[in-house]
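Peer 1: In the numbering used here, each residue's number is its place in the sequence shown (first place is 1) plus 1175. This is the structure I want to talk about, given as structure tokens.
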Amino acid sequence: MATSVTETERKYEAPSDASLPDLTEITGVATGPEEFDLEATYFDTDDYRLARAGVTLRRRVGGNDEGWHLKLPAGEDSRQELRVPLGKAVKKPPKDLSSLVRAHTRGQNLTPVAEIRTNRRRWQLSNNSGDMLAEVVDDVVTAQTMGSSTTTTSWREIEVELGESGDRKLLDTVERHLGDAGIVPSSSKSKLSQVIGVKRDAGPTLGKKPTAGEVLLAYLYEQRAALQNQDPRVRRNEDDAVHQLRVATRRMRSALQAFGKVVDRDQTRALTDELKWLATVLGTSRDLEVLRMRFEDGLHALPPELALGDVSARMTRYFAPLEAKAHKDSVAALDSERYFTLLNTIDTLLTAPPLTPLASGKAKEVLPRLVEKARHRLDVRVEEALKVNDSDEPLHEARKAAKRLRYSAEVAEPALGKHAKALRKRAKDVQTLLGDHQDSVVARPVLLELGRGDENGFTFGILYGQEVELAHKTEAALPALWHKLSKEHL
């Protein structure tokens, strides 16, 4: 099993004759330099799929953390690094890591693409209490590409990585000191990207007056990246990963449906169906996670005298095998050809989008009309739900409509600004309220099942009653939230 750390660092280009500033002026204490040599082999597909996604996979010898390293995007200046020991393998990455990049490789082989040798000098920056704030390394690099033809290059770079007690303000401070010494931020985010000349695909950048098609495609690029970033987290069964992957699929699906007059709906219908399939497969795992956490919170909130019997153990026995199977099924879906085909279809959509003539129109003129259609859809669903007594299913449909409106406003926000943002927030409020109602609907039959066991069911009965009360409260609160939403205009 790979171990995980999050690294936050910045890279800088350093002329060969540039001198580092006095590091003691930054934090008060700088120990070093410690010097050592590193040898790393980097792996990727023939068309550099990992590099284009901002992912690196290497086998490194030397230093204090030698081993196999997989680095995944984790936000600005940060990456999640997964490590496994060197082992005997040299030419083939360990499955613990190669399995985590299948959303990129999709059956393609991982082979050595570059060898990089580094002579490193390292300093540790600390405060007067001895807390490690940051690490500064001065690297002299020699790199060679691998394959049918090879090129060799060399350069010098500086890396600054935050320590456990450091913060981003410190990174800014170090950057100013380096800048004064003629050391500037690097245009390459990794050593590999510098040697192979391939940068991460960041997606399109919107201008001041984007078209409707440009705004929509930029949003879809973001959701593809989110989907691929969450894929390895789901495989590792990390907290909230399934939820975030489902959110990315739902956002993409909602955008394609709501803006079907910008990208041809007929040509994207098959993709929206497959996105629905993926969200459904992952839904079992997410539903179980939500229910377990909901019941645990409810149990912890009860006075101890109302928790009769070993309620916590009963819930564990119920949920543990179901969650284990759901996770196994989720990973099986992520390993399937159907999933890889889905990802390929998304790639095709983004490289050759089936744009309609409306897509070339100004976003500020085109998008409001389409967002308003999503608002009208929600209005109809809420009105239907408020008219009936047995409103569980109509309220669920209203929740889905609120979600579509929220994501539609989110798509339009870069072009429409604060008004779209306000509408998005109001739609989210309605979605959250109705989400609580739907969770209550799903929770009640499970609580009945738990309460019918051989053990004392008293506590589960209390939790059931609380769910009924919560459902009534959410129904009563809906008109007021809906009214607030109706006041927001694009």
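We treat Cβ as the ideally placed atom computed from N, Cα and C, and that holds for glycine. The structure presented is a predicted model; accordingly, all values stated were derived computationally and were not measured.
Given a cut-off of 7 Å on the beta-carbon distance, is the pair residue 1257 and residue 1356 in contact?
Peer 2: Your numbering for residue 1257 matches position 82 in the sequence shown. Your numbering for residue 1356 matches position 181 in the sequence shown. Result no, Cβ atoms of residue 1257 and residue 1356 do not sit closer than 7 Å.
Peer 1: Go through the region 1191-1226 residue by residue and report every complete run of the beta strand (DSSP E) that reaches 3 residues or more, in order.
Peer 2: Listed in chain order, they are 1204-1219.
Peer 1: Would a C-beta distance cut-off of 7 Å place residue 1613 and residue 1574 closer than the cut-off?
Peer 2: The count along the sequence shown starts at 1 and reaches residue 1613 at position 438. The count along the sequence shown starts at 1 and reaches residue 1574 at position 399. Yes, the pair counts as a contact, with Cβ atoms nearer than the cut-off.
Peer 1: For residue 1192, count neighbouring C-beta atoms within 10 Å of its own C-beta (all shown protein chains included) and say buried if the count is 16 or more, exposed if not.
Peer 2: Numbered from 1 along the sequence shown, position 17 holds the residue referred to as residue 1192. It counts as exposed.
Peer 1: Measuring CA to CA, which of 1529, 1486 and 1638 is closest to residue 1631?
Peer 2: By 1-based counting over the sequence shown, the position of residue 1631 is 456. Measuring from the Cα of residue 1631, the nearest candidate turns out to be 1486.
Peer 1: By how many angstroms is the C-alpha of residue 1471 removed from the C-alpha of residue 1372?
Peer 2: In the sequence shown, the residue the question calls residue 1372 occupies position 197. In the sequence shown, the residue the question calls residue 1471 occupies position 296. The straight-line gap from Cα to Cα measures roughly 51 Å.
Peer 1: The beta strand (DSSP E) spanning residue 1244 covers which residue range?
Peer 2: Counted from its first residue, the sequence shown places residue 1244 at position 69. It spans 1242-1248 - the beta strand (DSSP E) in which residue 1244 sits, taken as one unbroken run.
Peer 1: Secondary structure at residue 1543, three-state DSSP: helix, strand or coil?
Peer 2: To locate residue 1543, count along the sequence shown from 1; it is residue 368. In the structure shown, residue 1543 sits in a helix (DSSP, three-state: H, G or I).
Peer 1: Alpha carbon to alpha carbon, what distance is there between residue 1528 and residue 1378?
Peer 2: The residue you call residue 1378 lines up with position 203 of the sequence shown. The residue you call residue 1528 lines up with position 353 of the sequence shown. For residue 1378 and residue 1528, the distance between alpha carbons rounds to 14 Å.
Peer 1: Residue 1481: buried (16+ other C-beta within 10 angstroms of its C-beta) or exposed?
Peer 2: The residue given as residue 1481 occupies position 306 in the sequence shown. Residue 1481 should be labelled exposed.
Peer 1: For residue 1291, list the residues DSSP reports as bridge partners.
Peer 2: In the sequence shown, counting from the first residue as 1, residue 1291 sits at position 116. Its beta-bridge partners are 1215 and 1318.
Peer 1: Would you check if the region 1187-1207 and the region 1346-1354 touch, i.e. whether three or more CB-CB distances between them fall below 8 Å?
Peer 2: At 8 Å Cβ cutoff, the stretches touch.
Peer 1: Let me know if residue 1434 comes out buried or exposed under the rule of 16 or more other beta-carbons within 10 Å of its beta-carbon.
Peer 2: The count along the sequence shown starts at 1 and reaches residue 1434 at position 259. Flag for residue 1434 reads buried.
Peer 1: Can at least three beta-carbon pairs, one atom from the region 1219-1228 and one from the region 1196-1210, be found at a separation below 8 Å?
Peer 2: Contact between the region 1219-1228 and the region 1196-1210 is absent, because fewer than three Cβ pairs lie under 8 Å.
Peer 1: Do residue 1535 and residue 1386 have their C-beta atoms closer together than 7 Å?
Peer 2: For the purposes of this step, residue 1535 is identified with residue 360 of the sequence shown, where counting begins at 1. For the purposes of this step, residue 1386 is identified with residue 211 of the sequence shown, where counting begins at 1. Yes.
Peer 1: Any idea which residues DSSP pairs residue 1235 with across the strands?
Peer 2: Within the sequence shown, numbered from 1, the residue matching residue 1235 stands at position 60. BP columns for residue 1235 point to 1215 and 1242.
Peer 1: What residue range is occupied by the uninterrupted beta strand (DSSP E) comprising residue 1283?
Peer 2: Here residue 1283 corresponds to residue number 108 of the sequence shown, with the count starting at 1. Here residue 1283 belongs to no beta strand (DSSP E), and DSSP marks it neither H nor E.
Peer 1: What would DSSP say about residue 1355, mapped onto helix, strand or coil?
Peer 2: Here residue 1355 refers to the residue found at position 180 when the sequence shown is read from its first residue. Three-state DSSP puts residue 1355 in a helix.
Peer 1: Alpha carbon to alpha carbon, how far is residue 1237 from residue 1498? Give it in angstroms, no decimals.
Peer 2: For the purposes of this step, residue 1498 is taken as the residue at position 323 of the sequence shown. For the purposes of this step, residue 1237 is taken as the residue at position 62 of the sequence shown. Taking the straight line joining both Cα atoms gives about 40 Å.
Peer 1: If distances are taken between C-alpha atoms only, which option among 1469, 1506, 1649 and 1622 comes closest to residue 1640?
Peer 2: Mapped onto the sequence shown, residue 1640 falls at position 465. Out of 1469, 1506, 1649 and 1622, 1622 has the C-alpha closest to the C-alpha of residue 1640.
Peer 1: May I ask you to verify whether the region 1316-1333 touches the region 1227-1242, counting CB pairs closer than 8 Å and requiring at least 3?
Peer 2: With the cut-off at 8 Å, the region 1316-1333 and the region 1227-1242 do not touch.
Peer 1: Can you tell me whether residue 1289 is buried or exposed? The criterion is at least 16 other CB atoms within 10 Å of its CB, across all chains shown.
Peer 2: Here residue 1289 refers to the residue found at position 114 when the sequence shown is read from its first residue. Buried, by the Cβ-count rule.
Peer 1: Do residue 1634 and residue 1483 have their C-beta atoms closer together than 7 Å?
Peer 2: The residue given as residue 1634 occupies position 459 in the sequence shown. The residue given as residue 1483 occupies position 308 in the sequence shown. Contact flag set, yes.
Peer 1: List the endpoints of the continuous beta strand (DSSP E) containing residue 1259.
Peer 2: Here residue 1259 refers to the residue found at position 84 when the sequence shown is read from its first residue. 1253-1259 is the extent of the beta strand (DSSP E) around residue 1259.
Peer 1: Can you check DSSP and say which residues form a bridge with residue 1527?
Peer 2: Your numbering for residue 1527 matches position 352 in the sequence shown. Note: residue 1527 sits in no beta bridge, so no partner.
Peer 1: Below 7 Å between beta carbons: does that hold for residue 1461 and residue 1409?
Peer 2: Working through the sequence shown from its first residue, we reach residue 1461 at position 286. Working through the sequence shown from its first residue, we reach residue 1409 at position 234. Not a contact, by the Cβ cut-off of 7 Å.
Peer 1: Is it buried or exposed for residue 1414, if we count other Cβ within 10 angstroms and need 16 for buried?
Peer 2: As a working mapping, residue 1414 is identified with position 239 in the sequence shown. By the 10 Å Cβ count, residue 1414 comes out exposed.
Peer 1: Does the structure place the region 1299-1308 close enough to the region 1210-1220 that three or more beta carbon pairs sit under 8 Å?
Peer 2: No, they do not touch.
Peer 1: Give the straight-line distance between the Cα atoms of residue 1227 and residue 1401, rounded to the nearest whole angstrom.
Peer 2: On the sequence shown, residue 1227 is found 52 positions in, with the first residue counted as 1. On the sequence shown, residue 1401 is found 226 positions in, with the first residue counted as 1. Looking at the two C-alpha atoms, the distance is approximately 14 Å.
Peer 1: Could you spell out the range, first to last residue, of the beta strand (DSSP E) harbouring residue 1327?
Peer 2: Counting from one through the sequence shown, the residue named residue 1327 turns up at place 152. Unbroken beta strand (DSSP E) run through residue 1327: 1327-1337.
Peer 1: Is residue 1589 helix, strand or coil when you go by DSSP?
Peer 2: Indexing the sequence shown from 1 puts residue 1589 at position 414. Three-state DSSP puts residue 1589 in a helix.
Peer 1: When you compare only the Cα positions, how much space is there between residue 1490 and residue 1505?
Peer 2: Position 315 of the sequence shown, counting from 1, holds the residue named residue 1490. Position 330 of the sequence shown, counting from 1, holds the residue named residue 1505. Roughly 22 Å separates the two Cα atoms.
Peer 1: For the region 1644-1662 and the region 1552-1568, state whether three or more C-beta atom pairs, one from each stretch, are separated by less than 8 Å.
Peer 2: At 8 Å Cβ cutoff, the stretches touch.
Peer 1: Is DSSP giving residue 1480 helix, strand or coil here?
Peer 2: Along the sequence shown, read from residue 1 onward, the residue named residue 1480 stands at position 305. Correct three-state label for residue 1480: helix.
Peer 1: Have a look at 1552, 1636 and 1189 and flag the residue whose alpha-carbon is nearest the alpha-carbon of residue 1359.
Peer 2: If you number the sequence shown from 1, residue 1359 lands on position 184. Taking only the C-alpha atoms, the option nearest residue 1359 is 1189.
Peer 1: Based on the DSSP secondary-structure assignment, which residues constitute the bridge partners of residue 1486?
Peer 2: Translated into positions along the sequence shown, residue 1486 becomes position 311. For residue 1486, which the question treats as bridged, DSSP gives no partner whatsoever.
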